[in-house]
Structures are given as structure tokens and as C-alpha cells.
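In this note's numbering, the protein residues as written are 11 to 224. Positions of the beta carbon are idealized from the N, C-alpha and C atoms, including for glycine. Remember, it's a predicted structure, so these values are computed and weren't measured experimentally.
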Amino acid sequence: MWLDRLLQGFIDTFLMVGVSSLIALLAGIPLAVILVTSGKGGIYEAPAVNRALGAFVNLFRSIPFLILMVALIPFTRLIVGTTYGVWAAVVPLTIAATPFFARIAEVSLREVDHGLIEAAQAMGCRRWHIVWHVLLPEALPGIVGGFTITLVTMINSSAMAGAIGAGGLGDIAYRYGYQRFDSQVMLTVIVLLVALVAVIQLGGDRLAQGLNKR
């Protein structure tokens, strides 16, 4: 029974982080591209859009996850119909992770050699071609590394969410470890989380290194 509960907690954590990270990846990269290309000297220069989007991203990045999760309760209920369980945690996790990842990806995109962009423009490449064939491929190792960091951060946040009713390993650690003063449960959950983070970090680092052509 204990192993079944632990396995279910692991599955819930994997589901929470997996769905949230996929949405954050799909939304964060376009956000980062817009932030880079709409800035001063960008290929789609639009200062007003850049400032507004930057302020929006900074707003959600500045709110601690626990406070954000509580503040989003009405929105979470509107989206998934509940404020308890795995799917309720996906909403704040996604909203917290997307701007975080977008800023990391933005840094990687800004590090692309501007000479490559100028060369592409000189050859008559369209702007969306430059984004797709120059910016993203050159920044890909950094983006992968940034996404790895985002995944690790989301695992930490999912454990926090679990402690207040989202399920997963955090819920097991809180209910069956902390509240029942069972150090064995706490230690088991800690080992699982450390192992999960280590595997993700190792895989992300190796993938980033493999993509790095420099």
C-alpha cells in the first residue's frame, strides 16, 4: 500500500511537471523571440510592444509561487473546474514557469552573434527566415540548458504545491511525513526528488552539449 501511494505520488508529480513544462516550452519560446526581435535594433523593432510584454513577464516572475498559486485560485477554478488536485496545480505551475523560461531563452537568443543576423539580412533573407534558420538554431543549446533549469525549478514548485493539496510527492511528504512525524517517508521523498532532478539535469546538460557546435 505504501509503495502504491509513493508510485501514485511520483506519477502525479511527473504529470504536473510534464504538462506544465510542455505548455511553458510552447509559449515561452515565442515570448522570448518577440522580446528579442521587438527590442531596440531588433528585426521587428517595436519599443511599445517590447516594454508592455517585458512588464507583463516581469510581473509574474516577481511573484513567489506560493502567493501566485493562492492568487490564481479563481482563475484556476474557471479553467479546470477545481482548485484541488493535479490539474489545479498545472495552471499556476504553467503561469509561473512560462515567463521564467521566456527570460532564460531570451538571454540565449540575445547571445547569438549579431554578425550572423546582418549576413542573413545582406543575403535578402526574410525576417521570419532569420528567426527560424539563424536565431533559434544558434541559441538552441542555451535554450535547452534554460529549459532544464526550468524543469528543476518546476519540480521544486510542484512539491510546494503538493503540500497545499495538489497531490504528488510534496503531498506525501507533508501528509505522511511531516504531519505524522515519519522521517522515513520524508527521507524517501527527498531521495526520489533528488534522483529525479539529477536525471533531468544530466540529460539536459548532455543534450545541450551535443547541440553545441561551437
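CA-CA distance, residue i and residue j?
i	j	result
Gly125	Ile140	12 Å
Ala171	Gly180	7 Å
Leu150	Arg190	46 Å
Asn222	Ile210	18 Å
Thr163	Gly156	11 Å
Gly152	Val80	32 Å
Lys50	Val67	18 Å
Gly213	Leu206	11 Å
Gly52	Leu88	37 Å
Ile182	Leu35	28 Å
If you reduce the DSSP assignment to three classes, tell me which class residue i lands in.
i	result
Tyr54	coil
Val199	helix
Arg71	helix
Asp215	helix
Tyr94	coil
Leu82	coil
Gly49	coil
Asn60	helix
Contact defined as beta carbons within less than 8 Å: I believe residue i pairs with residue j. What is the distance between those atoms, to the nearest angstrom?
i	j	result
Glu148	Val122	4 Å
Ala112	Leu17	With 8 Å as the limit, Ala112 and Leu17 do not qualify as a contact, their Cβ atoms being about 34 Å apart.
Thr47	Phe110	The Cβ separation is near 20 Å, so there is no contact.
Flag this pair as touching only if the region 94-111 and the region 28-40 have three or more C-beta atom pairs under 8 Å; answer yes or no.
yes
For a minimum of 4 consecutive residues, which ranges assigned as the alpha helix (DSSP H) are wholly contained in the region 153-192? Listed in chain order, the alpha helix (DSSP H) runs fully inside the region 153-192 are 179-182, counting runs of at least 4 residues.
- Continuous alpha helix (DSSP H) assignments of at least 4 residues falling wholly in the region 106-155: 124-132 and 137-140
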